[in-house]
Each structure stands twice: as structure tokens, then as C-alpha cells.
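Enquirer: Sequential numbering of the sequence shown, starting at 1, is according to the UniProt record's numbering. What follows is a single structure, and I will ask about it in a moment.
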Amino acid sequence: AATAPRIPATRLALHHFDTSYGLHLGALWPSVRAGLLCEQKYGALLNNFAAAHHVPQELELLNATDFVSQAPQKVQQWQQGAAVGEAATGCQEGPGERRTGMQAEMVTQAEMSPPLCTSSKIKCYTFPRGDITRFRPARPDALGLLDYYLMDAASLLPVLALNVQPDDFVLDLCAAPGGKTLALLQTGFCGHLAANDVSVSRTKRLYHILHSYVPKEVRDTVSVTSYDGRDWDQMKGGTFHKVLVDVPCTTDRHSAMEEDNNIFHKRRTKERQMLPMLQLQLLMAGILAARPGGAVVYSTCSLSLLQNECVVE
């Protein structure tokens, strides 16, 4: 009997996204889809531990800007724009007309979102929209510490939302490969940072990043472990001021673009279906790891309602 042709995992992922995200995002989905399929643009997270005072000027000459310092102003503009849009919509509504769920959600976010907490010590440079310039590879200083770390700039948002304060004990529950761990250290506020990841191989990458960017005296304030994050509360419950739970997910851009290690491979169907349960268990462990009055930030690299709102709610 002839073997049925193998459907690429990327095609399966896009079909799934078109079905679920198209329904949820509606008219916004085509532009979001195009963004997922575009070449990834990186941000350059400056390394405050390196002797690289010339780097900001070098990047600004290339027309890159620090999006972190601009974030509060942009958030305020977005909130004002959403509020104005709601007012205009309200004026146009007749009897019995109602705004859409998407409009209502945007206005609610505009009204209720707290000011974005940004650390003046975190700087991440990005090129303007439409500019596909690539950053040069990172360079070492005299002590061998690299001057910046290239990462998806959106990955910095959970770290900013965590709002680390001086001498906070911080847990990064699913830390590898290490970009967010490095960003947490850039605040200069971590009294102690516990960086955990269940994958030993990924933890090795985390060690490599710490040694490439962080001096020994700061590395000594970091403990790296490879526990199952779901069991963390049984070991060190109620300990941390701040907990970051950046869970495993469908990693939408990777799933849409790369066949290698793609969670939409048929052999990983069960694993993918169980993701929301795993994410919920990790979030619960993160909550139990926080001390009373502490803060927990939950984040994914997915647009999925099942992996985001449904897990939190």
C-alpha cells in the first residue's frame, strides 16, 4: 500500500493558527500572520556588566533606539488612542447597537492597565518598523564579557512587568535558554536569582550565557537548577518576592517557520494537547513559590487563548 504523503509540521501549524487565531483575531489576523512569517527581527539587550559605553552611540548612529525608555510614552499614547476610539464608537452607536468584543477588550485594557514599570538600567535597542538592518555579532570587552545579547524584544516585556525591586529574591521557573534570566540581572536589583529549567541540555546553554555576559561576583548570586518546575513549591515554597513563569508553549513563530523540533509534528500531538495542563501546573507552582504579597508574571510565546487567558483564569 502506498504511504500517505507526510504533511510538514509547519503547514499543520499554520492551518491550526488560521482556524483558531483567525476566529479570535478576526480582521487583525492577516497582518499578525504576515508578521509570524516574516524574518525575525532582534533587539540588542545592552550588557551593563561589560565595558561597552560606546555601544549606545554606535547603535543610535545606525538609527536604532532604546524601546524601553520610550515604552511609557507609547503606552500612554495607545491608551489615549483606545479611549478616543471608544468615544467615537459610542457616539455612532444607535439604540441596541453594541461594541464588539475586541473593542470592549481594548478599552478595558486601556482603562485598567497599570503604568508599565521600566528599569532605567535595562536598555534594549531595536530598529524602526520596516527597517531590516541586522545587528552585528556581539563583541567581548577586555575581560571577555560580550557587549549585548540579541533577543526578541517582546521577550523583555515579562521582565519589565515583573518590576524587580532592590534586594528582591527572584525565581525564573523555566529559565533556559537564558535571555530573560540575563535581563533580570541587568536590573541590578536581584538580591538572589534562582534560575531553573527541567531540561539539562537547555540549562547548559543558560550556564554558557551567564559565563559570556556576567562577571563571577554576580554569577555567585545566581543558583542554577534542573528541577521539574511543577514540584518547586515542595522544595522552596513561599520564598520569593518575584516569580517569572515563562512556560513551554507552541512557540508560534518557530512552529510556523521551522520543521526542526516542531511541536506540531504528528508524533508530538499528545504533548501539544497536554500543554495547557502543564502550563497550569507550572503557574500554580510559581504562585506557591511566591511569598505573601509577592508578584507572579505568567508569559508564553503563543497567541493561543487556551495557553494564555484560559490558564490564568
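A virtual CB, placed ideally from N, CA and C, is assigned to each residue, including glycine. Values in this document were obtained by computation on a predicted structure and should not be read as measured data.
#1: From Glu259 to Val297, what does the alpha carbon distance come to, in whole angstroms?
#2: Does the distance from the CB of Thr221 to the CB of Cys301 come in under 8 Å?
#3: With C-beta atoms as the reference, is Val159 less than 8 Å away from Ala183?
#4: Give the C-beta separation of Gly229 and Leu288 to the nearest angstrom, bearing in mind that I take them to be a contact with Cβ-Cβ under 8 Å.
#5: In the DSSP assignment, what are the bridge partners of Tyr149?
#6: In whole angstroms, give me the CA-to-CA distance for Leu23 and Arg11.
#7: Can the beta-carbon of Ala295 be found closer than 8 Å to that of Leu185?
#8: Report yes if the CB atom of Leu193 is closer than 8 Å to the CB atom of Thr203, and no otherwise.
#9: Does the segment 129-144 come within contact of the segment 261-277, defined as at least 3 CB pairs closer than 8 Å?
#10: Could you give the residue range of the alpha helix (DSSP H) that holds Gly286?
#11: Pick helix, strand or coil for His211, following the three-state DSSP scheme.
#12: Which of the three DSSP states is assigned to Thr221 in this structure?
#13: Determine the direct distance from the alpha carbon of Val312 to that of Pro276, and round the result to whole angstroms.
#14: When you compare only the Cα positions, how much space is there between Gln73 and Tyr149?
#15: Between the Cα of Thr126 and those of Tyr213, Phe264, Gln40, Val170, spot the shortest distance and give me the residue it belongs to.
#16: Roughly how far, in whole angstroms, is the beta-carbon of Ile122 from the beta-carbon of Val198, given that I think they are within contact range, below 8 Å?
#17: So, using beta-carbon positions, are Pro248 and Cys310 closer together than 8 Å?
Expert: So, from the listed chains and residues:
#1: Position 259 of the sequence shown holds residue 259. Position 297 of the sequence shown holds residue 297. For Glu259 and Val297, the distance between alpha carbons rounds to 30 Å.
#2: Numbered from its first residue, the sequence shown carries residue 221 at position 221. Numbered from its first residue, the sequence shown carries residue 301 at position 301. No.
#3: As a position in the sequence shown, residue 159 is number 159, starting the count at 1. As a position in the sequence shown, residue 183 is number 183, starting the count at 1. The Cβ atoms of Val159 and Ala183 sit closer than 8 Å to each other.
#4: Position 229 of the sequence shown, counting from 1, holds the residue named residue 229. Position 288 of the sequence shown, counting from 1, holds the residue named residue 288. Between Gly229 and Leu288, the beta carbon gap of about 11 Å keeps them out of contact (Cβ cut-off 8 Å).
#5: On the sequence shown, position 149 is the one that residue 149 refers to. In the DSSP output, where bridge partners are listed per residue, Tyr149 has Leu45.
#6: As a first step, residue 23 must be located in the sequence shown, where it is residue number 23. As a first step, residue 11 must be located in the sequence shown, where it is residue number 11. Cα to Cα, the separation comes out at about 18 Å.
#7: Numbered from 1 along the sequence shown, position 295 holds the residue referred to as residue 295. Numbered from 1 along the sequence shown, position 185 holds the residue referred to as residue 185. Not a contact, by the Cβ cut-off of 8 Å.
#8: Residue 193 sits at position 193 when you count from the first residue of the sequence shown. Residue 203 sits at position 203 when you count from the first residue of the sequence shown. Cβ distance not < 8 Å, so Leu193 and Thr203 don't count as in contact.
#9: As far as the Cβ criterion goes, the segment 129-144 does not touch the segment 261-277, which means the pair count is below three.
#10: Residue mapping note: residue 286 aligns to position 286 of the sequence shown, counting from 1. From DSSP, the alpha helix (DSSP H) with Gly286 extends over 275-289.
#11: Translated into the one-based positions of the sequence shown, residue 211 becomes position 211. If DSSP states are grouped into helix, strand and coil, His211 belongs with the helices.
#12: For this step, residue 221 is matched to residue 221 along the sequence shown. If DSSP states are grouped into helix, strand and coil, Thr221 belongs with coil.
#13: Position 276 of the sequence shown holds residue 276. Position 312 of the sequence shown holds residue 312. Cα-Cα distance, rounded: 10 Å.
#14: Working through the sequence shown from its first residue, we reach residue 73 at position 73. Working through the sequence shown from its first residue, we reach residue 149 at position 149. Distance between the alpha carbons of Gln73 and Tyr149 is about 25 Å.
#15: Here residue 126 corresponds to residue number 126 of the sequence shown, with the count starting at 1. Each of Tyr213, Phe264, Gln40, Val170 was checked against the Cα of Thr126, and the nearest Cα belongs to Gln40.
#16: Counting from 1 along the sequence shown, the entry for residue 122 is found at position 122. Counting from 1 along the sequence shown, the entry for residue 198 is found at position 198. Contact between Ile122 and Val198 is absent: CB atoms are separated by about 27 Å, not below the 8 Å threshold.
#17: Translated into positions along the sequence shown, residue 248 becomes position 248. Translated into positions along the sequence shown, residue 310 becomes position 310. Judged by beta-carbon spacing, Cys310 lies beyond the 8 Å limit of Pro248, meaning their Cβ atoms are not closer than that value.
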